[in-house]
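Chains as they are written, first to last, in the numbering used here: chain A, 129 to 285; chain B, 1446 to 2020; chain C, 1155 to 1798.
Here a beta-carbon is modelled for each residue, glycine too, at the ideal position from N, C-alpha and C.
The block underneath contains the structure these notes are about, expressed in structure tokens.
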Amino acid sequence: MKSKIDEIIEKQNNTDRSDLLDVLQEIQVIEGYLSEEAIIKTSQYFKLASAKIYGIASFYDHFKFVPQGRFHIKVCNGTACHLANTSNLRKEFEKILKIQHGQCTRDGMFSIEYVPCMGACGISSVISINEEYYSSVKPSDVKDMLENLRNTDDRID
Amino acid sequence: MIFDIEVNNKIIKAKKGETILSALSRNGIKVPTLCYMEELAPSGACRICVVEVEGQPNLVPSCAQPVEEWMRIKTHSPKVIKARKTIVELLLSNHPDDCLYCERNGNCELQKLAVELNVLERRISGQKGKQKADRSGSSMVRDPKKCILCGRCVRVCEEIIGVSAIDFIKRGNHCEITPSFQKGINLSSCINCGQCIMCCPTGALYERDHLPEIIDSLNNPAKHVIIQYSPTISVTLAEEFGVKSGKDINGMINAALRKIGFNKVFDSSFGADINTIEVANELVNRIKTNQNLPMFNSCCPAWVKYIEQTHSHLIENLATVKSPQQIMGKLIKGYYAETFNISANDIYTVSVMPCIAKKFEAQREEMTHKGITDVDAVLTTRELARLIRLYGIDIMNIESELADTILGTRSSAGKLFAVSGGVAEAVIRTSFNLLTGKDLVNFKIIELRSINKGRKEFKIKAGDYEIGVAVVSDMINAEKILNEIKNGRNDIQFIEVMACPGGCVNGGGQPIPSRKEDIKARIKAIYDVDDKESIKFAHKNPQLNELYKNYLGNPCDENCTTILHTSFNKRDVLL
Amino acid sequence: MENNIQFLKEKVLLNETLSFSKEVEERIKILKHEKTTKPVIFVGASSCGYVAGAQKTIDAINNYILENNISVDVVKVGCIGICALEPIMDVQLPGMTRVSFKKINAENVASVLDGVFNNSIVNECVLGQYRQKNLQAWENVNFIDEVDFFAGQKRIVLELNGIIDPENIEAFIAHGGYRAFIKTIYHYTSNEVCKIIEKSELRGRGGSGFPSGKKWKIAHDNAADQRYLICNANESDPGAFMEKSIIESNPHKLIEGMAIAAYGIAASKAYIYIRADNKLAIERFKKALEQAKAFGLLGENIFDSGFNFEIIIKKGPGAFVCGEETAMLNSIEGKRGMPRYRPPYPTERGLFGKPTIINNVETLCNVPQIILNGPIWFNTIGTKASKGTKVFTLSGKINYNGIIEVEMGKSFEDIIFKIGGDVKDNKQFKAIQLGGPAGTCLVKENINIVVDYEELNSIDAIMGSGSIIVMDEKTCIVDITKFYINFIQHESCGKCIPCREGTQRMLEILEKITKIPKDEASHQTLERFKGVMQLESIAEVIKDTSLCGLGKTAANTFLSSLKWFRDEYEEHIFDRKCKAGVCKELRTFFIDVDKCTGCNACMRKCPENAIIGTIKYPHFIVESKCTGCGICFETCKFSAIFIK
Ligand SMILES: Cc1cc2nc3c(=O)[nH]c(=O)nc-3n(C[C@H](O)[C@H](O)[C@H](O)COP(=O)(O)O)c2cc1C
Ligand code: SF4
Ligand code: SF4
Ligand code: SF4
Ligand code: SF4
Ligand code: SF4
Ligand code: SF4
Ligand code: SF4
Ligand code: SF4
Ligand code: FES
Ligand code: FES
Ligand code: FES
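Below you can see the structure in the form of structure tokens.
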């Protein structure tokens, strides 16, 4: 059976190396991360060693090699947000979720990532959860926020 | 175009288009380098080679910057020295303080630089890396803590060998050099050629050590410990003892090994001769029946692994003959054991190889029978030197001795296995005889002897047949020829592939550094042996003919096949 | 609207003169929303608007329209620049000028709209009305160009940002867009384009300030079968958001600039390398490309001129260093984004080995106006060494966070205190960081310096991409330096030793300075001091020997902060104090006995049991036990706890 990865790769009509990052990005959009299988398939398609592809992908911040949580939280780590004390916000997330940047909670619910300026410095601290933005977030908001998310998720299941 | 530039207040000549470094070194001015590799495009990564160019705001890396006519250069100004020293101090700041326990102690470029730049205190201290060494490989250990990320190994593996088993991962201070998915090297596509070890400036890459087991066996009176050494060792070992490259110390090695306490000392060239006979017979058979052609040599375990993992459909084209090392191991534990009535279990066989892939080969499943490995331990040239030092033997001042005779005499053709093209030359000499009943008068095949080419071809008429021979080293050249074959080329019957550029004289177990001029000298020494010695054909080796007559039977017959041949299998690795 | 395309093409773009017939004028006015038959509501809908809740505002507007059953056009526009006041909504009634309102959310939409439609404007929400000829101005409503934030600006690049719908090419053309491009391909040779840009003295806005025309000329003169133009929109610098904002607000301007530049260097293919995070910008740029293609402004034989041109979007997967030219080349080629050694320069051997020009978004956006108005016009703007304007982003502790464009020669003092509306919350100004993590800090003593490449150079400062971060008295300089070094360290590609190891060592040393180890011994003060001395020497070597701009500038922040705030470093090292109260481990809390009610709340919360006291009597913090976590500070309801 053809996997989604095959489809993405086959959609590509040539094997020019300059398309490599686009293909990887597309796989990540659909799969949420780059699995070993995805990298190996890409490596066969582009006729590049998988060590190379892994090396290239791991260079860039966007590529993930483990699945992300159902709620992917991005905390702005830009200067304005830093001045608005996002470090406390990050600590709060880390404390409650017991995960660090780039990790995912064991139940697969939350993952967290620190990103550079999100372009809304006027209303820092800024975070996004599954691409939805929240501004002026304070550490004390975190607990309820996560609780709410957890609840919305239960309803889906 | 040649013009003048000013360096350290003196005028020197420089050529248009060359780098500052090249102009400097031609004029005898030494600038240290780390990431620079001869023959490859400069990467300008390490910055240790910086020099001061008047008018430039920053220091420039001499290995990457082309010379210009207007340049006035200072190679050792206070600013330059401070920069170089700081760079080395930065490297040392989080480096494990491990020199005393390090493989490369005394032969480490980082250590040397620290000495040269007079680093006498730990001025900058940093958090040390916590990465674990990867000991999963049968041939090689990677210790990322000692890696300075010069990238030489990555480039050799990709641009010279053509395998790309390892690469940089992540970014910045988290950069590391690892196989695919940061997994063990044993799961990777690494073919164990060891060329990355050869170019690593530090102790971050080294062969898997077999010395302790050997010493244990030597100390065990119940063990009959037998050592064989590959044809190249005699022309490279001396370098480990500070002698100019190219000196052949064959006899001294025999004497030294006996002094250490090996019960028997054999020259693997004998195995090479047997390999030649078998391969020649197999080749002639295949030519006559037009099957599985072109035939590939199977004596380079790195090449064999490459075929198994990358082109498994070509496994049939490999000669089925074991490598000289394995033939010797088998004969020692078989023929020799029977002859002297020693149980194979009591024999411990050691081989000294220029190669780390031989460590991998020795533990291949096919090379083990009923729990007995034909070759128990494999030493590299470097490890042998260590063993000799450990036993306090002054090898350069020792009386020469001959190798043990029961598996000892050799033809000079066997010796040729050391160089790229040598196997083909030996095989052709014997195949010609098999096809025509006559020996080549012009036994030297000059076409296969050029050392500047990674790829050589030669054709010879032998009776009714024309044999086309191709010789390549490294996988990039191998790929090229495989491609031509795939596209229909059929005038080649025998292809010799060696993983290491130039062949085993430049193997991954040889003395470090192995510079181009060293390799040339080693090759010359091998050809000198061929010139000087009287038996130039494997099939003229008297002891070998005895062995066939008394023990093995006819080449490629059933008995020979069981003892001397093997099989290869598709291999799943992370390509 | 099919005939709009026809109309714009034939009557507007192909009209060589500057005067239009009355009839054409009228139609343009309609497209520009200057002449309307029904009210138009414009909503700021770029990233900062959306984060501030613009979507909710839009929903509320739509609701309002439905409920009141009125006929209104709702137009989404880009960013006007004053992000602090988002969401911004403008309303234009037929015949009346356009009025801008600030901080419009779901709650106050209705009342504001009620007011407008009843001709009585709710004043506290007004930002100002536009000055529009032939339209009736509102009484008692200030003009927007009189607002300090806008009064001090000169807008060339940002001209139409926040005014037009970025997703509508017709609006752009109606406002004069793409005329420069048509003029270029019909009237100039590529050589002439290079000359015009050279004459205009436009300098690259991406940081280096390299004369753009000169760069183009070099690439143009390098013989090749293919040349490339790359637009650098990788913007990953923490605190800079101009590239993204420009693309979100007016993507066509960039396309026009790119097309002219490509024509100038005789390239038929261009790439835009834009950070994948900037989804909205990518989306709008993509849409704009499609529209331009539909108009025949991109593709083969554009407007029968013989010029072929296409633009390919490359999404940068997240690496600051890919903003460096050669790293970007590697990244586009599908490699690790590690810089290459120059020479060869990209103008000679760039993308896929072909001559390549890399220009910044802002640089390219200046090009159309230069072509239209001529280099002499551009020459009259700015200073002797720096012509034109410069876009800055303002953030940090400043009242008007946002994006501005000022004429070269304006002082930073004006930018901060006039345009930016001074430091937030009436705090004391401390410094600004100019140019992001690789930039330098300006302090009271030199804040009167003007925007000019050479002037800044003379005090070892750089313009960088133009991000300005304002710091107040509550900002700890050591902490912010540590933040920047941490960023640089994270973004270093790791290729060269000085940058890879040096920045990490710098970070480690700064961490030592800002932390107190559990068992601190006295000699460690000396160690820390030595650390700072080493920092200086490491910093110099990093600067001298690094391969690319990232490493070369990595130490700037540290060196300039040390220059101006040495006392603060020393305070951290010797006194183990952080005056600003930011470095957690170095701060100590005290209880004001006069304010403490003895409620005991803090004592119960303190994780270190550092607070003692009896209920109803003032409590006391044992300094030696306090780790500075600040929990008590947050707990106390009586503001009795303070940082010393
Ligand atoms: C580490 C690093 C990051 C950079 N990031 C950007 C960037 O995000 N955007 C940009 O336009 N230029 C950036 N630059 C500058 C570019 O390398 C280059 O100088 C610029 O794009 C040239 O365009 P210009 O001549 O129009 O200024 C960066 C430079 C360095 C060294
Ligand atoms: S690699 Fe070199 S410097 Fe490092 S421990 Fe080994 S010998 Fe010493
Ligand atoms: S060189 Fe120095 S560290 Fe090494 S053994 Fe001698 S004294 Fe010890
Ligand atoms: S041993 Fe050879 S194949 Fe393996 S990593 Fe080193 S260079 Fe590559
Ligand atoms: S392993 Fe050795 S050769 Fe490879 S990058 Fe590290 S130090 Fe250099
Ligand atoms: S060429 Fe020789 S040394 Fe190199 S891997 Fe092959 S057998 Fe070993
Ligand atoms: S200076 Fe830094 S970012 Fe630039 S090449 Fe060197 S390590 Fe990479
Ligand atoms: S700052 Fe933390 S440790 Fe110190 S007194 Fe307050 S609660 Fe306790
Ligand atoms: S919480 Fe405030 S008022 Fe209460 S005891 Fe602590 S310092 Fe005093
Ligand atoms: S710094 Fe967080 S949005 Fe800009
Ligand atoms: S040797 Fe020149 S930069 Fe490394
Ligand atoms: S998006 Fe509205 S002012 Fe920035």
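**Message:** Comparing C-alpha positions only, which one of B/E1499, B/E1497 and B/P1511 sits nearest to B/F1448?
**Reply:** Proximity to B/F1448 across B/E1499, B/E1497 and B/P1511 peaks at B/P1511, based on C-alpha coordinates.
Original post:
Which ranges does the beta strand (DSSP E) cover as unbroken runs of at least 3 residues, wholly within the segment 1584-1618 of chain B, from first to last along the chain?
Top reply: Complete beta strand (DSSP E) runs here, min 3: 1585-1587 and 1611-1614.
Out of curiosity, what's the CA-to-CA distance linking B/Y1481 and B/K1615?
Computed Cα separation, rounded: 22 Å.
### Query
DSSP three-state call for B/N1631: helix, strand or coil?
Residue state for B/N1631 is assigned as helix, using DSSP reduced to three classes.
Contact between the segment 1686-1693 of chain C and the segment 1747-1756 of chain C is defined here as three or more beta-carbon pairs at a separation below 8 Å; is this criterion met? The answer is no - the segment 1747-1756 of chain C does not touch the segment 1686-1693 of chain C, with fewer than three Cβ pairs under 8 Å.
- Spatial neighbours of B/I1890 within its chain, please: CB distance less than 7 Å, with the 5 preceding and 5 following residues excluded, ordered by chain position. By the criterion of a C-beta distance shorter than 7 Å, B/I1890 is surrounded in its chain by E1870, I1873 and F1903, once the five residues flanking it on both sides are discounted.
Answer yes or no: does any C-beta atom of chain A fall closer than 8 Å to that of B/P1624? The beta carbon of B/P1624 falls within 8 Å of a beta carbon belonging to chain A, placing the residue at that interface.
Along the segment 175-188 of chain A, what residues have a CB closer than 7 Å to any CB found in chain B? Residues passing the 7 Å Cβ filter: A177, S178, A179, K180, Y182, G183, S186 and F187.
Checklist entry - CA-CA distance, B/I1450 and B/N1563? => result Cα-Cα distance, rounded: 29 Å.
- request: Just mark C/I1224 as buried or exposed, buried being the case when its beta carbon has 16 or more other beta carbons within 10 Å.
  value: Residue environment: C/I1224 is assigned as exposed (fewer than 16 neighbouring CB atoms within 10 Å of its CB, all protein chains considered).
- Query: Taking a cut of 8 Å between CB atoms, which residues from the segment 1631-1650 of chain C lie near chain B?
  - Reply: Contact annotation: in the segment 1631-1650 of chain C, residues whose CB is within less than 8 Å of a CB in chain B are Q1643, H1644, E1645, S1646, C1647, G1648, K1649 and C1650.
| message | Within the continuous alpha helix (DSSP H) that includes C/R1654, where are the two ends? | response | Per DSSP, C/R1654 belongs to the alpha helix (DSSP H) from I1651 to I1667.
Tell me the DSSP secondary structure of B/I1817 in three-state form. Strand, per DSSP.
Practice problem: May I ask which residues mark the beginning and end of the alpha helix (DSSP H) holding C/V1776? | Solution: Per DSSP, C/V1776 belongs to no alpha helix (DSSP H) and is neither H nor E.
B/P1624 - containing beta strand (DSSP E), residue span:
Taken as a continuous stretch (DSSP letters only), the beta strand (DSSP E) holding B/P1624 covers E1621 to P1624.
If you count every other CB in all the chains shown that lies within 10 Å of the CB of C/Y1340, and 16 or more means buried, which is it?
For C/Y1340, the number of other beta carbons within 10 angstroms of its own is below 16, and it is reported as exposed.
message: Would you say the beta carbon of B/I1493 is closer than 7 Å to some non-hydrogen atom of ligand 11?
response: At least one heavy atom of ligand 11 lies less than 7 Å from the C-beta of B/I1493.
Amino acids of chain B, ordered along the chain, whose beta-carbon sits closer than 8 Å to that of A/S171
Those are L2020, listed as they occur along chain B.
| field | Selection from C/F1712, C/A1420 and C/K1308 that minimises the alpha carbon distance to C/E1561 | value | Selected option, being the one with the closest Cα: C/K1308.
By Cβ distance below 7 Å, which residues in the same chain neighbour C/M1155 in space, the five residues on each side in sequence not counted? At C/M1155, the pLDDT of 46 sits below 50, so the modelled position is not reliable and the matter cannot be decided from this model.
Checklist entry - For the segment 157-170 of chain A, which residues have a beta carbon sitting closer than 8 Å to at least one beta carbon of chain B? => result Against chain B - using a Cβ distance shorter than 8 Å - the residues of the segment 157-170 of chain A are E164, I167 and I168.
Tell me whether C/K1257 sits in a helix, a strand or coil according to DSSP, three-state version. Here C/K1257 sits in coil by DSSP.
Practice task
Kindly indicate which three-state DSSP category A/R283 falls into: helix, strand or coil?
Solution key: Residue placement at A/R283 is flagged as unreliable, the pLDDT there being 46, under the threshold of 50; a coordinate-derived value is accordingly withheld.
Determine the contact status of B/I1817 and B/A1782, defining contact as a CB-CB distance below 8 Å.
-> Not closer than 8 Å, so no.
What residues from the segment 1633-1653 of chain B come within 8 Å of chain A, judged by C-beta to C-beta, listed N to C?
Legend: CB atoms of the segment 1633-1653 of chain B lying less than 8 Å from CB atoms of chain A belong to residues S1633 and S1634.
Apart from the five residues just before and just after C/R1494, which ones in its own chain have a Cβ nearer than 6 Å to its Cβ?
So the list reads T1480, once near-sequence residues are dropped.
Q) Going straight from the alpha carbon of B/F1939 to that of C/C1702, what length do you get? A) When rounded, the distance between both Cα atoms is 49 Å.
Range of the contiguous alpha helix (DSSP H) that encloses C/L1588: Taken as a continuous stretch (DSSP letters only), C/L1588 belongs to no alpha helix (DSSP H), being part of the beta strand (DSSP E) at F1583 to L1588.
Nearest by alpha-carbon distance to C/G1207: which of A/I240, A/E222, A/Q231 and A/V254 is it? Nearest C-alpha to C/G1207 among A/I240, A/E222, A/Q231 and A/V254: A/V254.
- Item | Short-range partners of chain A found in the segment 1766-1789 of chain C, where Cβ spacing is below 7 Å | So the list is empty, because no residue satisfies the distance condition.
Original post:
Helix, strand or coil: how does DSSP classify B/Q1673 here?
Top reply: Annotated three-state conformation of B/Q1673 is strand, per DSSP.
Which term fits B/V1680, buried or exposed, when burial requires 16 or more other beta carbons within 10 angstroms of its beta carbon? Answer is buried; the Cβ neighbour count reaches 16.
| Can you tell which of C/N1640, C/L1483, C/G1589 and C/I1613 has the C-alpha that lies nearest to the C-alpha of C/F1506? | Per the Cα distances, C/L1483.
*asked:* Mapping the DSSP letters down to three states, classify C/N1514 as helix, strand or coil.
replied: Strand.
Taking a contact to mean a Cβ-Cβ separation below 8 Å, would you say C/L1167 touches C/R1333 in this structure? Cβ atoms of C/L1167 and C/R1333: closer than 8 Å.
Exercise. What are the residues of the segment 1495-1508 of chain C that lie near chain B, defined by any Cβ-Cβ distance shorter than 7 Å?
Worked result: Flagged, chain order: Y1495 and P1497.
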